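**Q** Residue numbers 24 to 481, in this note's numbering, belong to the letters of the sequence shown in order.
For every residue, glycine included, the Cβ atom is placed at its ideal position computed from N, Cα and C.
Quick caveat: nothing in here was measured; it's all calculated off a predicted structure.
Got a structure for you, written out below as structure tokens; questions coming shortly.
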Amino acid sequence: MEIIQKILGNITSWRKWTKGSINRQIFTATILIGLLTGLSKFASVGKELIVAWRFGTGDELDSFVMAMVVPSFVISVVAGSFSSALIPTYIKVREQQGQKAAQQLFSGIMTRAIGLLIVTAIAIAITAPIYLPLLASGFSSEKLDLTTRLLWSLSPSILLSGIINIWGGVLNAGEKFALAAVSPIITPLTTAAMLLAFPSWGIYALVGGLICGSLIEMIILGIGLLQQGVSVRPQWSKQDANLNLVIKQYFPVIIGAFLMCSTGLVDQSMAAMLSPGSVAALGYANRVIALPLTLVTLALGTAVVPYFSQTIAKRDWRKISHTFNYYLRLIFMTTIPLTIFFILASKLIVQLLFERGSFNAEDTQVVSQIQVFYALQIPFYISAIFVVKLINSLSINHFLAWGSAINLVANIIGNYIFVQWIGVAGIALSTSCVYLISFVFLYILTKKHLQKISLENS
């Protein structure tokens, strides 16, 4: 009995502690999201082990990675921009005007988002024979044909992933972080199962896993929203002040996202011009570094937006500035040692994860070198994403368009220079330099903006 009382007492104390300062609330949400996201990312690692064993760095995987470039680009730009523009305004409307007004805003945005995603997916599929030869100029005709067929098969993922992105954002806006954080585990598990169950499908098992997993994930998130009392049925609504505000914020966000995500298109296109297997090698190295990056940025970024938006609605600029500076210091203190670890252990990590089956020792050498240069971005990438989340919450998204334009130019120049020096690894080094530039630029602008509004409201 005493043990039960102690457990209940600890739970009560934890709940009281987490309802304290904004830093405590963000910290608690970050830990929860990080742990649950970690489960999803470890499932993704398991899937990548199977992919490496089955396909190595061969032509099939090169084609799949290249086929995913444009759909991933569209998902990040179109759907990601809707979420970034919607969520701060959705929270503000819910806090100030009530749930009914917030529901009307969400339904109106979903109708427009679904329409845009469908039109975009159709356009991407129809025009694939035009732009793929330009993006994959180093591919043979057979390899290019496979890439085109894979892209057609992957086009439904644009709509599914777009809906998942927006619905997950609304769940997080309601501070129901757990479901949105853990649901991404479904797609890699489904993909791994299809790779093992249908070996005769070859690379198309990856496509089937992605589509089926995304569909299941969307259904689960929809159920979660319904349980929150949020209707997922799209409804056309007339333009009003709230909808206009989201649309006004959407355009600078999508411009910034377009320019920033274009760096990925540039990277993959330049890798396709190099020796066979370069696209796949770049993808393997990026996936390893993406694990800690995604864990931290998704957890921290998801946690801070609701609290930033609520605090901004209360116009508590002092608290915003304090939280902003506190977390930036914390990010650098924790990510610099992580960067050093990845640099020192790069080859061992690649050997343990991938070196088996079709993935040989020569592949390990190439991927580990690329991974070292990708690791340099870790502190700056995480810090930049944190700054971007504050920018989204402050509705000063035009900063992102300026920063992304600078990043795209820097990436093209960096790729050209560094590829001449160290080959495909130069693309990774250029990426790290871009995130350094991005963080410095956005930090300076955001800091000046906070100082300005603090003085105006003092």
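(1) Which first and last residues belong to the alpha helix (DSSP H) in which Ser184 is found?
(2) Does the beta-carbon distance from Ser418 to Gly437 come in below 7 angstroms?
(3) Which first and last residues belong to the alpha helix (DSSP H) in which Asn430 is found?
(4) In whole angstroms, what separates the C-alpha of Leu238 from that of Leu174?
(5) For Asp82, count the other beta carbons within 10 Å of its own beta carbon; 16 or more makes it buried, fewer makes it exposed. Which is it?
(6) Let me know the secondary structure DSSP gives Thr469 once reduced to three states.
(7) Between Leu139 and Val101, which are expected to be in contact by the criterion C-beta below 8 angstroms, what is the C-beta distance as a whole number of angstroms?
(8) Please confirm whether Gln272 and Ala108 have their CB atoms less than 7 angstroms apart.
(9) Confirm, please, whether the CB-CB distance from Val276 to Ser104 is below 7 angstroms.
(10) Would you kindly check if the distance between the Cβ of Gly192 and the Cβ of Ser381 is under 7 angstroms?
(11) Give the DSSP-derived three-state secondary structure of Lys261 in the structure shown.
(12) Report the three-state DSSP secondary structure of Ala159 (helix, strand or coil).
(13) Would you call the segment 137 to 151 and the segment 176 to 194 in contact, with 3 or more CB pairs under 8 angstroms?
(14) Between which two residues does the alpha helix (DSSP H) holding Trp340 run?
(15) Give the range of the alpha helix (DSSP H) segment to which Gln126 is assigned.
(16) Counting pairs of beta carbons, one from the segment 341 to 350 and one from the segment 419 to 435, are three or more of them closer than 8 angstroms?
(17) Rounding to the nearest angstrom, what Cα-Cα distance links Pro152 and Ala398 in this structure?
(18) When the Cα atoms are used, what is the spatial distance from Ala384 to Tyr227?
(19) What residue does the alpha helix (DSSP H) around Asn383 start on, and which one ends it?
(20) Going by other Cβ atoms of all chains shown within 10 Å of its Cβ, with 16 needed for buried, is Phe221 buried or exposed?
(21) Pull up the distance between the alpha-carbon of Lys166 and that of Met293, whole angstroms please.
(22) Taking the alpha carbon of Ser455 as the point to measure from, which residue in Thr346, Trp444, Tyr404 has its own alpha carbon closest?
(23) Hey, would you say Leu288 sits closer than 7 angstroms to Phe96, going by beta carbons?
(24) Using only the alpha-carbon positions, how far apart do Phe87 and His472 sit?
(25) Do you know how far the Cα of Ser223 is from the Cα of Lys412?
(26) What separation, rounded to the nearest whole angstrom, lies between the Cα atoms of Ile34 and Glu240?
(27) Please report the distance separating the alpha-carbon of Lys432 from that of Leu249.
(28) With three or more C-beta pairs closer than 8 angstroms as the rule, is the segment 304 to 312 touching the segment 363 to 380?
(29) Leaving out the 5 sequence neighbours to the left and right, which residues in its chain are closer than 7 angstroms to Ile26 when beta-carbon positions are compared?
(30) Please state the DSSP three-state secondary structure of Ser418.
(31) Rounded to a whole number of angstroms, what is the C-alpha to C-alpha distance between Ser391 and Ile366?
**A** Here's the rundown:
(1) The residue you call residue 184 lines up with position 161 of the sequence shown. Looking at the DSSP string, the run of the alpha helix (DSSP H) that includes Ser184 is 179 to 196.
(2) Working through the sequence shown from its first residue, we reach residue 418 at position 395. Working through the sequence shown from its first residue, we reach residue 437 at position 414. Contact: no.
(3) Your numbering for residue 430 matches position 407 in the sequence shown. Secondary structure note for Asn430: its alpha helix (DSSP H) is the uninterrupted segment 421 to 445.
(4) Taking the first residue of the sequence shown as position 1, residue 238 is located at position 215. Taking the first residue of the sequence shown as position 1, residue 174 is located at position 151. Here the alpha carbon of Leu238 sits roughly 18 angstroms from the alpha carbon of Leu174.
(5) Here residue 82 refers to the residue found at position 59 when the sequence shown is read from its first residue. It is buried - the Cβ of Asp82 has at least 16 other Cβ atoms within 10 Å.
(6) Here residue 469 refers to the residue found at position 446 when the sequence shown is read from its first residue. Three-state result, Thr469: helix.
(7) Against the sequence shown, residue 139 aligns to sequence position 116. Against the sequence shown, residue 101 aligns to sequence position 78. The Cβ separation is near 6 angstroms, so the contact holds.
(8) Indexing the sequence shown from 1 puts residue 272 at position 249. Indexing the sequence shown from 1 puts residue 108 at position 85. Annotated as proximal: Gln272 and Ala108, with beta-carbon spacing under 7 angstroms.
(9) For the purposes of this step, residue 104 is taken as residue 81 along the sequence shown, with counting starting at 1. For the purposes of this step, residue 276 is taken as residue 253 along the sequence shown, with counting starting at 1. A contact, by the Cβ cut-off of 7 angstroms.
(10) In the sequence shown, residue 381 corresponds to position 358, counting from 1. In the sequence shown, residue 192 corresponds to position 169, counting from 1. No, the Cβ-Cβ distance between Ser381 and Gly192 is not below 7 angstroms.
(11) Here residue 261 refers to the residue found at position 238 of the sequence shown. DSSP places Lys261 in coil when its eight states are reduced to three.
(12) On the sequence shown, residue 159 is found 136 positions in, with the first residue counted as 1. In this structure, Ala159 counts as coil in the three-state DSSP scheme.
(13) yes
(14) Translated into the one-based positions of the sequence shown, residue 340 becomes position 317. Per DSSP, Trp340 belongs to the alpha helix (DSSP H) from 340 to 367.
(15) Taking the sequence shown and counting its residues from 1, one reaches residue 126 at position 103. Where Gln126 is concerned, the enclosing alpha helix (DSSP H) stretches over 122 to 149.
(16) no
(17) As a position in the sequence shown, residue 152 is number 129, starting the count at 1. As a position in the sequence shown, residue 398 is number 375, starting the count at 1. Computed Cα separation, rounded: 35 angstroms.
(18) The residue you call residue 384 lines up with position 361 of the sequence shown. The residue you call residue 227 lines up with position 204 of the sequence shown. Going from the Cα of Ala384 to the Cα of Tyr227 covers about 26 angstroms.
(19) For the purposes of this step, residue 383 is identified with residue 360 of the sequence shown, where counting begins at 1. Segment: none, Asn383 is in no alpha helix (DSSP H) and carries neither H nor E.
(20) The residue given as residue 221 occupies position 198 in the sequence shown. Exposed, since its Cβ has fewer than 16 Cβ neighbours within 10 Å.
(21) Taking the first residue of the sequence shown as 1, we reach residue 166 at position 143. Taking the first residue of the sequence shown as 1, we reach residue 293 at position 270. Each residue's alpha carbon lies about 16 angstroms from the other.
(22) Position 432 of the sequence shown holds residue 455. Nearest option by C-alpha distance: Tyr404.
(23) Along the sequence shown, one-based indexing puts residue 288 at 265. Along the sequence shown, one-based indexing puts residue 96 at 73. For Leu288 and Phe96, yes; Cβs fall inside 7 angstroms.
(24) Taking the sequence shown and counting its residues from 1, one reaches residue 87 at position 64. Taking the sequence shown and counting its residues from 1, one reaches residue 472 at position 449. About 43 angstroms.
(25) Start at 1 with the first residue of the sequence shown, and residue 412 comes out as number 389. Start at 1 with the first residue of the sequence shown, and residue 223 comes out as number 200. Rounded to whole angstroms, Lys412 to Ser223 spans 44 angstroms at the Cα level.
(26) The residue given as residue 34 occupies position 11 in the sequence shown. The residue given as residue 240 occupies position 217 in the sequence shown. Below a pLDDT of 50, predicted positions are generally treated as unreliable, and Ile34, at 36, falls in that range; no measurement from the model is reported.
(27) As a first step, residue 432 must be located in the sequence shown, where it is residue number 409. As a first step, residue 249 must be located in the sequence shown, where it is residue number 226. Reading off the sequence, residue 432 comes out as Val, not Lys. Val432 and Leu249: Cα-Cα distance of roughly 44 angstroms.
(28) yes
(29) Against the sequence shown, residue 26 aligns to sequence position 3. Its pLDDT being 44, under 50, Ile26 is placed unreliably in this model, and the value from its coordinates should be taken loosely. Closer than 7 angstroms at the Cβ level, and outside the excluded window around Ile26, lies no residue.
(30) On the sequence shown, position 395 is the one that residue 418 refers to. Correct three-state label for Ser418: coil.
(31) Sequence index remark: in the sequence shown, residue 391 carries index 368 (1-based). Sequence index remark: in the sequence shown, residue 366 carries index 343 (1-based). Approximately 9 angstroms, taken between the alpha carbons.
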